[in-house]
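**Q** If you're matching positions, the sequence shown starts at 35 in my numbering and goes up one per residue. We put the CB at the ideal spot given by N, CA and C, even for glycine. For clarity, every value in this text was computed on a predicted model and none was experimentally measured.
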Amino acid sequence: MDLDYMHYMVTGRRKGIENPWAASPTYQKLLTETFNMNRARIFTFKNKLPTPVEAIPRRLLSPPLRKAKSTKPCRRIPKDPERTLDVPGIVDNFYLNLLDWISSNILAIALGNSVYLRNPSHRSIVELVTIDDEDGPITSISWALDGQHIAVGLNNSWVQLWDSVRLKGTLRGGHHGRVGSLAWNKHILTTGGMDGRIINNAVRVRSHIVGT
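Below is the structure:
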């Protein structure tokens, strides 16, 4: 579409009336030869009409199909236990943590005033510790991440630290009720008591309370 030519055809006649020389045949012929205005239509479409949508291949209009993700095999969860541990003396209390399993495949079990260590591979059981009646019963146990030490929470608010054969230390003065929850983070042992307090204990120093 030649917009300049359209503008001239719309406005040129009015200007020709105002200027007699612009309307003379000589001037009109000169314009025609100079600007290639030898045409009768204002609207002239030079380019080819766009291709209709129907002529475009459907594969170009449709979005590319995404490749289906490979389905992962379903995890099979056994319906029956591989092995059953019969512990008739364990206390059924939601607020106590009386079992803990370490990556070296040693299961610690608290029964009353005693802690037992069981190796499921060898099916062997050894007694680690039995505490006095006035301090017990045991209310929580937790292995350290290194698998070499275990924390034992007591009903009298104390926490004992043991290795595989002997007592390494006792954390006192933090709680005023039984210690039912234990969690390790390297050398920091976090204890939760029946008194509602949560305490971070640095087990390598004498003044062990480092945060509450």
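1) Have a look at L205 and L188 and give me their C-alpha separation to the nearest angstrom.
2) Measure the Cβ-Cβ separation of L130 and I143 and say whether it is below 8 Å.
3) Among the candidates R240, V244 and V239, whose CA atom is the shortest distance from the CA of D233?
4) Tell me whether R212 is buried or exposed, calling it buried when 16 or more other Cβ atoms sit within 10 Å of its Cβ.
5) So, with DSSP's three-state summary, where would you put T225?
6) Can you give me the C-alpha to C-alpha distance between I175 and P107, rounded to a whole angstrom?
7) Go ahead and label W192 buried or exposed: buried means 16 or more other beta carbons lie within 10 angstroms of its beta carbon, across all protein chains shown.
8) What is the rounded straight-line gap between the Cα of N127 and the Cα of S215?
9) Would you mind giving the Cβ-Cβ distance between P122 and G146, rounded to the nearest angstrom? I have them listed as a contact below 8 Å.
10) Going straight from the alpha carbon of W177 to that of D166, what length do you get?
11) Ignoring anything shorter than 3 residues, give me the beta strand (DSSP E) runs that lie fully in the segment 109–148, in order along the chain.
12) In three-state DSSP terms, what is T60?
13) Once you ignore the five residues that flank Q182 on each side, which residues in its own chain have a CB closer than 8 Å to its CB?
14) Quick check on N190: does DSSP put it in helix, strand or coil?
15) Excluding five sequence neighbours on each side, which residues of the same chain lie with their C-beta closer than 7 Å to the C-beta of T164?
**A** Walking through what the data contain:
1) Translated into positions along the sequence shown, residue 205 becomes position 171. Translated into positions along the sequence shown, residue 188 becomes position 154. L205 and L188: Cα-Cα distance of roughly 10 Å.
2) Along the sequence shown, one-based indexing puts residue 130 at 96. Along the sequence shown, one-based indexing puts residue 143 at 109. Against a cut-off of 8 Å, the Cβ pair of I143 and L130 comes out as no contact.
3) The residue given as residue 233 occupies position 199 in the sequence shown. According to the sequence displayed, residue 233 carries Ile and not Asp. It is V244 whose Cα lies nearest to the Cα of I233.
4) As a first step, residue 212 must be located in the sequence shown, where it is residue number 178. Buried, because 16 or more other Cβ atoms sit within 10 Å of the Cβ of R212.
5) Taking the sequence shown and counting its residues from 1, one reaches residue 225 at position 191. In this structure, T225 counts as strand in the three-state DSSP scheme.
6) Within the sequence shown, residue 175 is the residue found at index 141, counting from 1. Within the sequence shown, residue 107 is the residue found at index 73, counting from 1. Computed Cα separation, rounded: 37 Å.
7) Counting from one through the sequence shown, the residue named residue 192 turns up at place 158. Result: buried.
8) Within the sequence shown, the letter at position 93 stands for residue 127. Within the sequence shown, the letter at position 181 stands for residue 215. Computed Cα separation, rounded: 12 Å.
9) Here residue 122 corresponds to residue number 88 of the sequence shown, with the count starting at 1. Here residue 146 corresponds to residue number 112 of the sequence shown, with the count starting at 1. With a Cβ gap of about 12 Å, P122 and G146 do not count as contacting.
10) Taking the first residue of the sequence shown as 1, we reach residue 177 at position 143. Taking the first residue of the sequence shown as 1, we reach residue 166 at position 132. Going by the C-alpha atoms only, they are around 21 Å apart.
11) 133–136 and 140–145
12) Numbered from its first residue, the sequence shown carries residue 60 at position 26. If DSSP states are grouped into helix, strand and coil, T60 belongs with the helices.
13) Within the sequence shown, the letter at position 148 stands for residue 182. Correct list, in chain order: D197 and S198.
14) Walking along the sequence shown from the start, residue 190 turns up at place 156. Three-state DSSP puts N190 in coil, outside helix and strand.
15) For the purposes of this step, residue 164 is taken as the residue at position 130 of the sequence shown. Excluding sequence neighbours, T164 sits near N147 and S148.
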